[in-house]
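Numbering (the UniProt record's numbering), first residue to last: 1 to 251.
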């Protein structure tokens, strides 16, 4: 489905990003992973995987990633802005430094990666930008003001870029994942007073009867990167097992 396509995935070596990378590779793409951490052996030894060390909080990273992509791959067709981070702080406790780092990684980096890599897409006749947003760009959890703001910004950026870049044959969409299983989410459940009860309560929020997998997001990325979605742009696709569609009941 994506044979011959070159894809940049930020944070593509772990968590949701790993699921995205694996699905892209299965679809035949070459994947350039940009992140701070080194790759594990499986990814490092894969013939279709490239790696560039990059701190997405740094303004230098977009240019470095773009230069590497041009030199090693000859340009890219797809950009997946996946890397991000989260903290829990009330507006009372949040510092300007907290806010600035959240926006630098979660919003500024995706925007300026688009700026750096869109010229390569134009040279190759078009492309697809896929931004990983969140259902917290639509709703909110307690003490997530900065995170929610950053993800709502991603959704807005997605729509604006779709309008501006459509004439160049470049589509831009976002994915808003819900609860996706990871080491971090497992640790969060394990820290609850009654982990088993917490997990059961979480499952009841999902009409599909399960929580998400990184591969669920990865499969959606492959769809949005491919010609199967050629008439889809400017959209935020919610991938949450129906969680946000279900009205809450007091019992």
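Note that CB positions come from ideal geometry on N, CA and C, so glycine has one too.
Based on Cα-Cα distance, which residue from 128, 71, 55 and 26 lies nearest to residue 108? For residue 108, the nearest C-alpha among the options comes from 55.
Limits of the unbroken beta strand (DSSP E) element including residue 163: Premise fails: residue 163 lies in the alpha helix (DSSP H), 145 to 165, not in any beta strand (DSSP E).
Contact between the segment 104 to 119 and the segment 197 to 213 (3+ Cβ pairs under 8 angstroms): No: the two stretches stay apart, fewer than three of their Cβ pairs being nearer than 8 angstroms.
Kindly indicate which residue of 40, 90, 20 and 161 has the alpha-carbon position closest to the one of residue 143. For residue 143, the closest C-alpha among the options 40, 90, 20 and 161 is that of 90.
According to the Cβ coordinates, are residue 258 and residue 128 closer than 8 angstroms? In the structure as shown, the chain starts at 1 and stops at 251, and residue 258 therefore has no counterpart that could be examined.
From this set, 94, 50 and 173, which residue's C-alpha is nearest residue 231's C-alpha? Between residue 231 and the set 94, 50 and 173, the nearest pair of CA atoms involves 173.
Could you please give me the residues that DSSP links to residue 129 through a beta bridge? DSSP, once it has assigned bridges, lists 79 and 172 as partnering residue 129.
For residue 89, the residue or residues it bridges with in DSSP: According to DSSP, which records beta bridges pairwise, residue 89 is partnered with 144.
For the alpha helix (DSSP H) containing residue 282, list its first residue and its last residue. One cannot answer for residue 282 here, as it falls past the ends of the chain, which runs 1 to 251.
Between residue 30 and residue 73, which are expected to be in contact by the criterion C-beta below 8 angstroms, what is the C-beta distance as a whole number of angstroms? About 6 angstroms separates the CB atoms of residue 30 and residue 73; that is less than 8 angstroms, so the two are in contact.
Residue interval of the beta strand (DSSP E) (run including residue 53): It spans 49 to 53 - the beta strand (DSSP E) in which residue 53 sits, taken as one unbroken run.
Nearest CA to the CA of residue 80: which residue from 223, 247, 244 and 251? For residue 80, the nearest C-alpha among the options comes from 223.
Output the distance between the C-alpha atoms of residue 191 and residue 124, rounded to the nearest integer angstrom. Roughly 48 angstroms separates the two Cα atoms.
Taking buried to mean at least 16 other C-beta atoms within 10 Å of its own C-beta, is residue 28 buried or exposed? So residue 28 ends up on the exposed side.
Buried versus exposed, by CB contacts within 10 Å (16 or more), residue 59: Exposed: under 16 other Cβ atoms inside 10 Å.
Would you mind sorting residue 118 into buried or exposed? The rule is 16 or more other CB atoms within 10 Å of its CB. Looking at its Cβ environment, which holds 16 or more other Cβ atoms inside 10 Å, residue 118 is buried.
Is the Cβ-Cβ distance between residue 23 and residue 166 less than 8 angstroms? Contact: no.
Put residue 208 into one of helix, strand or coil per three-state DSSP. Residue 208 sits in coil when the DSSP states are folded into three classes, being neither helix nor strand.
Mapping the DSSP letters down to three states, classify residue 106 as helix, strand or coil. Judged by DSSP in its simplified three-state form, residue 106 adopts helix.
Which first and last residues belong to the alpha helix (DSSP H) in which residue 70 is found? It spans 61 to 73 - the alpha helix (DSSP H) in which residue 70 sits, taken as one unbroken run.
So the candidates are 46, 112 and 11; which of them puts its Cα closest to the Cα of residue 37? Minimum Cα distance to residue 37 is reached at 11.
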